[in-house]
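In the numbering used here, the protein residues as written are 1321 to 1973. For each residue, glycine too, the CB sits at the ideal point set by N, CA and C. Please read these numbers as outputs of a predicted model, since none were measured by experiment. As structure tokens, the structure follows; a few thoughts come after it.
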């Protein structure tokens, strides 16, 4: 038998020994919710519950495996038949037995994301929507369909939320593609990931026998991260719990940050109304952070709307106040963070116990450059390394053919960007260019286009305009101006055709141009960039052989559920955190506030809130930059007092 008195705190024991019926557990950050869930399952099994009649729903299969492993360590009975896993895992198990009741064969295929997008593309082709430059992208259409199905939102709102003007998508178009897509899946006896949930809900709603079977089977239902459920998942839980009502959900309304995936923040807020008489428990004892960090976290979240007020309490001794660090520009911000990481490493803090968090991947550009230059190993969790991204390679390829006109790899990259030029055609063009003389001068000469095949003349004219945009009459172009000229000379238009996120990529290139402005010529700039790429690979090899000793760089979304001794939150400015696109929607602002709370509560011992006070980015045209409202909101309650919730650091130039 487990010694619950010794192993759990008072709040956790209350959850573990709560009786049957609907239960809502509001679990603050770092409060041991996994422990409470694990011990509740162990207590149920100890008291005679059949493990096969317990359902544990989580948002990752790894979380389910970890919890079930801990349960098995706590009880002598075999718990291998306990149902544990994601909602999609549960749906797949049920549908494999009952799919014939809703018109599918039990051997249905599950489409992965690539398969699904390909089928959307074919459905669009059936309706004559492909092959147009101004037509919608299959990825955008797929995302809209998925969001609509998971949320039940009207198509008009989904198009407004998920598509941009350049996508050329209308609610009517979305509805017709969705109908064709559904028909194609049914014809092929296939389901995508959304279908698993939607079809399980349909099965439970339409078939009383199935609903009765699983309502009787699952005597105890426990759900982790309930704040991240969408409308369909919440309805599935309601249907499964209809018979006994033994539904325990654990979550934190202050950490609901996945609305872009269709998660409904209202699910956790409405739970007491969905289940009148539900017991509500709070886990507020925090095992992660110092009292100073929690004080700031509590202040952050008091500004948020919501019925479940909580105040996290630390069990740790007092530590350092969080630091608020305004810096001159993005480069000084990167410099400060990199230098502070080196100082902390010198004081004995392992690199793997430090993280830099930001709201969006493109905000990591200067930081990646600075850390690579200094040889600080890092693991990038928010996307591809900056110097390895396609748009950065495209633009630097243009600079490379100026710097070294015999660079075949750069020429091939530029040529293959063009519609109508494949690998074989690119080989022929290169042979023509690489004859006697300078290939760049040959292409830009008056006669070259007259001597190529008609099918290649148009794409080559595009290449010519792109290169002409930055090649000066004499001398070497300024690398900063050259990059901006390439953007204006046709690459911006190319990005709109080639990528689903052209605005973010343009922002990357503007930042690359600002970095290039530090160099006197194209050769120096390209040399530094090449060394950074090679140094990054070398740092990775060193870190791989040293027990993953690397700093984590990632977005706040990817940091959810994780913790580090030291956390830097970068770009704490209006427009970056919160993002500009959230400013017009109160719901968006509140989710951004919850994201900020998540960022703050990742830190165990030291927290740094950093931001540049100026930024020369053309995309936002804001100089100076305002501190984030989430930082400014912390000040009024303490105005006139010395005891601010953070310590202000000012870094000399």
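**Asked** Can you tell which of 1687, 1409, 1899 and 1895 has the C-alpha that lies nearest to the C-alpha of residue 1265?
**Response** What the structure shows of the chain is the stretch from 1321 to 1973, and residue 1265 is not part of that stretch, so it cannot be assessed.
**Request:** Report, in whole angstroms, the separation of the C-beta atoms of residue 1804 and residue 1718, which I expect to be a contact under 8 angstroms.
**Result:** Not quite, the Cβ-Cβ distance comes to about 12 angstroms (not below 8 angstroms), so this is no contact.
**Message:** The beta strand (DSSP E) that contains residue 1798, what's its start and end?
**Reply:** It is not in any beta strand (DSSP E) - residue 1798 carries neither H nor E in the DSSP assignment.
**Prompt:** Fully enclosed by the stretch 1637 to 1713, which alpha helix (DSSP H) runs are 4 residues long or longer?
**Reply:** The stretch 1637 to 1713 contains these whole alpha helix (DSSP H) runs: 1650 to 1666 and 1685 to 1694.
**Request:** Assign residue 1738 to one of three DSSP states: helix, strand, or coil.
**Result:** Coil.
**Item:** Exposed unless 16 or more other CB atoms sit within 10 angstroms - verdict on residue 1898
**Value:** Residue 1898 counts as buried, since at least 16 other C-beta atoms from the protein chains shown sit within 10 angstroms of its C-beta.
**Prompt:** How many angstroms separate the CA atom of residue 1548 from the CA atom of residue 1469?
**Reply:** Those two C-alpha atoms are separated by around 16 angstroms.
**Rounded separation between residue 1449 and residue 1456 - CA only** = Using only the alpha carbons, I get a separation of about 8 angstroms.
**Message:** So, at 6 angstroms on beta carbons, what are the nonlocal neighbours of residue 1995 in its own chain, with the 5 sequence-adjacent residues on each side left out?
**Reply:** In the structure displayed, the chain extends from 1321 to 1973; residue 1995 sits before or after that span and is not available.
**Request:** Report yes if the CB atom of residue 1883 is closer than 8 angstroms to the CB atom of residue 1608, and no otherwise.
**Result:** Yes, these two residues count as a Cβ contact at 8 angstroms.
**Asked** Taking buried to mean at least 16 other C-beta atoms within 10 Å of its own C-beta, is residue 1654 buried or exposed?
**Response** Sixteen is the threshold: when 16 or more other Cβ atoms of the shown chains lie within 10 Å of the Cβ of residue 1654, as they do, the residue is buried.
**Request:** Check the C-beta distance from residue 1932 over to residue 1642 and give it rounded, since I have them as a contact under 8 angstroms.
**Result:** Contact check for residue 1932 and residue 1642: beta-carbon distance about 18 angstroms, past the 8 angstroms limit, so the pair fails to qualify.
**Asked** On the three-pair Cβ rule with 8 angstroms, is the stretch 1460 to 1478 touching the stretch 1437 to 1447?
**Response** The stretch 1460 to 1478 vs the stretch 1437 to 1447: in contact.
**Message:** Would you call the stretch 1613 to 1622 in contact with the stretch 1909 to 1924, where contact means no fewer than 3 C-beta pairs closer than 8 angstroms?
**Reply:** Contact holds: three or more Cβ-Cβ distances are below 8 angstroms.
**Request:** For residue 1420, count neighbouring Cβ atoms within 10 angstroms of its own Cβ and tell me buried if that reaches 16, exposed if not.
**Result:** Counting Cβ neighbours within 10 Å, residue 1420 comes out exposed, since fewer than 16 surround it.
**Request:** Please determine, among 1685, 1478, 1373 and 1627, the residue with the shortest C-alpha to C-alpha distance to residue 1566.
**Result:** Across the set 1685, 1478, 1373 and 1627, the C-alpha of 1373 shows the shortest separation from the C-alpha of residue 1566.
**Distance between residue 1822 and residue 1815 (C-alpha atoms, nearest Å)** = If I take the Cα positions, the gap works out to 5 angstroms.
**Item:** Cβ-based burial, residue 1343 [other Cβ within 10 Å; buried from 16]
**Value:** Classification for residue 1343: buried.
**Request:** Pull up the distance between the alpha-carbon of residue 1903 and that of residue 1481, whole angstroms please.
**Result:** Rounded to the nearest angstrom, the gap between the Cα atoms of residue 1903 and residue 1481 is 14 angstroms.
**Message:** Quick check on residue 1349: does DSSP put it in helix, strand or coil?
**Reply:** Under the three-state reduction of DSSP output, residue 1349 falls in the coil class, being neither helix nor strand.
**Request:** Return the CA-CA distance between residue 1874 and residue 1700, expressed in angstroms with no decimal places.
**Result:** In this structure, the alpha-carbon of residue 1874 lies about 6 angstroms from that of residue 1700.
**Per-residue burial, residue 1577 [other beta carbons within 10 Å of its own, 16 or more giving buried]** = Under this definition residue 1577 is a buried residue.
**Asked** Going by C-alpha distance, which of 1512, 1425 and 1644 is nearest residue 1434?
**Response** Comparing C-alpha distances from residue 1434 to each of 1512, 1425 and 1644 shows the shortest one belongs to 1512.
**Prompt:** Exposed or buried, what is residue 1600 when buried is set at 16 or more other beta-carbons lying within 10 Å of its beta-carbon?
**Reply:** With fewer than 16 other Cβ atoms from the protein chains shown falling within 10 Å of its own Cβ, residue 1600 counts as exposed.
**Item:** Nearest-angstrom beta carbon gap, residue 1890 and residue 1669 [assumed within contact, 8 angstroms]
**Value:** Incorrect: roughly 18 angstroms between the Cβ atoms, too far for contact.
**Prompt:** If we call anything under 8 angstroms between Cβ atoms a contact, is residue 1328 one with residue 1359?
**Reply:** Closer than 8 angstroms, so yes.
**Item:** Per DSSP, cross-strand counterpart(s) of residue 1755
**Value:** Within the DSSP secondary-structure output, residue 1755 pairs in no beta bridge.
**Message:** At the level of alpha carbons, what is the spacing between residue 1569 and residue 1838?
**Reply:** The straight-line gap separating the alpha-carbon atoms of residue 1569 and residue 1838 is approximately 54 angstroms.
**Asked** So is residue 1914 buried or exposed if we call it buried at 16+ other beta carbons inside 10 Å?
**Response** Residue 1914 is buried by the Cβ-count criterion.
**Message:** Among 1664, 1763 and 1610, whose alpha-carbon lies nearest the alpha-carbon of residue 1639?
**Reply:** Closest option to residue 1639, judged by alpha-carbon separation, among 1664, 1763 and 1610: 1610.
**Asked** In this structure, does DSSP put residue 1834 in helix, strand or coil?
**Response** In this structure, residue 1834 counts as helix in the three-state DSSP scheme.
**Message:** Which residues does DSSP list as the beta-bridge partners of residue 1886?
**Reply:** DSSP lists 1674 and 1926 as the beta-bridge partner residues of residue 1886.
**Message:** Is the beta carbon of residue 1764 closer than 8 angstroms to that of residue 1725?
**Reply:** Between residue 1725 and residue 1764, the gap from beta carbon to beta carbon reaches 8 angstroms or more.
**Boundaries (first-last residue) of the alpha helix (DSSP H) holding residue 1408** = Counted as a single uninterrupted DSSP element, the alpha helix (DSSP H) harbouring residue 1408 occupies residues 1407 to 1418.
**Message:** On the criterion of 16 or more Cβ atoms from any shown chain inside 10 Å, does residue 1505 qualify as buried, or is it exposed?
**Reply:** Buried, by the Cβ-count rule.
**Item:** Residues bridged to residue 1635 (per DSSP)
**Value:** Paired residue(s): none; residue 1635 is not in a bridge.
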